[in-house]
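Asks: There's a structure below that I have some questions on.
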Amino acid sequence: MATVEWTGDGLRLIDQTRLPGEEVYVTCRTAAEVARAIREMVVRGAPAIGAAAAYGVALAAREGDLAGGAALIRAARPTARDLFWAVERVERAREPLEEAHLISRESVAACRAIGRHGAALLPEGARVITICNTGALATVDYGTALGVIRTAHEAGKQPFVYVMETRPRAQGARLTAWELRRLGIPFKLIADSAAGLLLQRGLADAAISGADRVCANGDVVNKVGTYPLALLCHEHGVPFYTAAPTSTIDLGAADGAAVEIEERDPSEVTTFAPAGTEAWNPAFDVTPARLVTALITESGVRLGAMV
Numbered sequence: 001m002a003t004v005e006w007t008g009d010g011l012r013l014i015d016q017t018r019l020p021g022e023e024v025y026v027t028c029r030t031a032a033e034v035a036r037a038i039r040e041m042v043v044r045g046a047p048a049i050g051a052a053a054a055y056g057v058a059l060a061a062r063e064g065d066l067a068g069g070a071a072l073i074r075a076a077r078p079t080a081r082d083l084f085w086a087v088e089r090v091e092r093a094r095e096p097l098e099e100a101h102l103i104s105r106e107s108v109a110a111c112r113a114i115g116r117h118g119a120a121l122l123p124e125g126a127r128v129i130t131i132c133n134t135g136a137l138a139t140v141d142y143g144t145a146l147g148v149i150r151t152a153h154e155a156g157k158q159p160f161v162y163v164m165e166t167r168p169r170a171q172g173a174r175l176t177a178w179e180l181r182r183l184g185i186p187f188k189l190i191a192d193s194a195a196g197l198l199l200q201r202g203l204a205d206a207a208i209s210g211a212d213r214v215c216a217n218g219d220v221v222n223k224v225g226t227y228p229l230a231l232l233c234h235e236h237g238v239p240f241y242t243a244a245p246t247s248t249i250d251l252g253a254a255d256g257a258a259v260e261i262e263e264r265d266p267s268e269v270t271t272f273a274p275a276g277t278e279a280w281n282p283a284f285d286v287t288p289a290r291l292v293t294a295l296i297t298e299s300g301v302r303l304g305a306m307v
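Position 185 of the sequence shown, counted from 1, bears residue number 185 in this note's numbering, the numbering being contiguous throughout.
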C-alpha cells in the first residue's frame, strides 16, 4: 500500500481523513493542491508529508513557478522537519521530479532498515504501546515505529500492540487499528488516559513512537501526548523508543524549545463541550532527550544528542 504515489500526471494520495470508513484516493495535480492536502491532513505523518512535499515542489517546477510553489508547501504545516528537508532538496535539484522520486525510494528503504534495527530490540512476544499512527499511512510505505512492530511480526516474534487512540484526531483508533488489522497483528485499543494504569500493571514491555522532528540535543517533537507517555515509561522502568528516519533530525534546532509547535483548530477538541467553549489545541509536544531510551534510524540505534 503506497501512501504517496506518482501517477505520471499528478500525486496520488490515500485520503486519510476518510479512513477507516472509506478507502478513497485523491490526485493532486498542482502544488497548491498538494499544500492543501498536507494542511488538511489528507496526507499526514512526517515521512509521508516529506515525500508529498517533494512532489508538490516538482509540480511547481512543472508549472513554471518553483519558488512560489515551494513557499506554499512550506506554509502548509510548520512542525515536521521532513517537509522542509524535502523542499530544500528538490529546490536544489537539476531535475526536480527525479529528486522527488529519489526521496520516495529512499523513504521506503529507510523504513525497512528502521524496522530491522528496531525489531532486534523487541523480545519474543513483546507487548508494545504506541501513540498516533506510524505505519505505511505515515510514510511512503511500510512505516517507522509501526514498521518496527511489523518487522518483528514478519520475523515470527509475535508482538502484541496496545494502540493509544490519540486524541483529538484519533489517528491511533482510526489509522493504526486499521493497519494492524490488515497486517494480522494482534492489538487492543486503549484510551490515552489508560496508558498509566497499563504501565503500572506491567502490561507493556516497550513503547515506540515516531517523530516529526528530532533536535540536536536529542529532544523529540511528536504528536501531543508523547511526552506524558515517555514520562510514564520512565516512572515504570519501561524502555521508550523513538523510530524516525535521519531526515527528521534537525541539527539547526538546538532543543525542543526552538521548534514551532503547530496549533490546530480548537473545534478538534470541543466535540463534547458546550457550544462556545474555548480550547487550546497544540498538535505536538516535546519529549526531553533524557526520557528517550534510544532513537532508531535507518543508520542504526543511537543514544543521546545528535551532535
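No residue lacks a Cβ here, since even glycine has one placed at the ideal position from N, Cα and C.
Are the beta-carbon atoms of residue 113 and residue 86 separated by less than 8 Å?
Replies: No; because the gap between Cβ atoms is not below 8 Å, this pair is not in contact.
Asks: List the whole-angstrom C-beta distance separating residue 234 from residue 189, where the pair is believed to meet the contact cut-off of C-beta under 8 Å.
Replies: About 24 Å; that fails the 8 Å criterion.
Asks: Can you tell which of 52, 272, 242 has its C-alpha closest to the C-alpha of residue 117?
Replies: Considering only alpha carbons, the answer is 242.
Asks: Using the C-alpha atoms, what's the distance from residue 28 back to residue 283?
Replies: Distance between the alpha carbons of residue 283 and residue 28 is about 25 Å.
Asks: Can you list the alpha helix (DSSP H) stretches of 4 or more residues lying completely in the segment 22-70, in chain order?
Replies: You should have 31-39, 46-63.
Asks: Just the Cα atoms here: how many angstroms apart are residue 306 and residue 143?
Replies: Roughly 22 Å between the two C-alpha positions.
Asks: In the DSSP assignment, find the alpha helix (DSSP H) that holds residue 82 and state where it starts and stops.
Replies: Taken as a continuous stretch (DSSP letters only), the alpha helix (DSSP H) holding residue 82 covers 81-92.
Asks: Can you have a look at residue 165 and say buried or exposed, based on whether 16 or more other CB atoms are within 10 angstroms of its CB?
Replies: Label assigned to residue 165: buried.
Asks: Terminal residues of the continuous beta strand (DSSP E) containing residue 4?
Replies: Segment 4-6, the beta strand (DSSP E) holding residue 4.
Asks: Return the bridge partner residues of residue 11 from the DSSP annotation.
Replies: Note: residue 11 sits in a beta bridge opposite 6, 28.
Asks: Is it right to say residue 11 is buried, meaning 16 or more other beta carbons lie within 10 angstroms of its own, or is it exposed?
Replies: So residue 11 ends up on the buried side.
Asks: Taking contact to mean 3 or more Cβ pairs, one atom from each stretch, closer than 8 Å, check whether the segment 208-216 and the segment 237-252 are in contact.
Replies: Because the criterion of three Cβ pairs below 8 Å is met, the segment 208-216 and the segment 237-252 touch.
Asks: With a threshold of 6 Å on Cβ separation, who are the neighbours of residue 289 within its own chain once the five nearest residues in sequence on each side are excluded?
Replies: Counting only Cβ-Cβ distances below 6 Å, and skipping sequence neighbours, we find 217, 218, 219.
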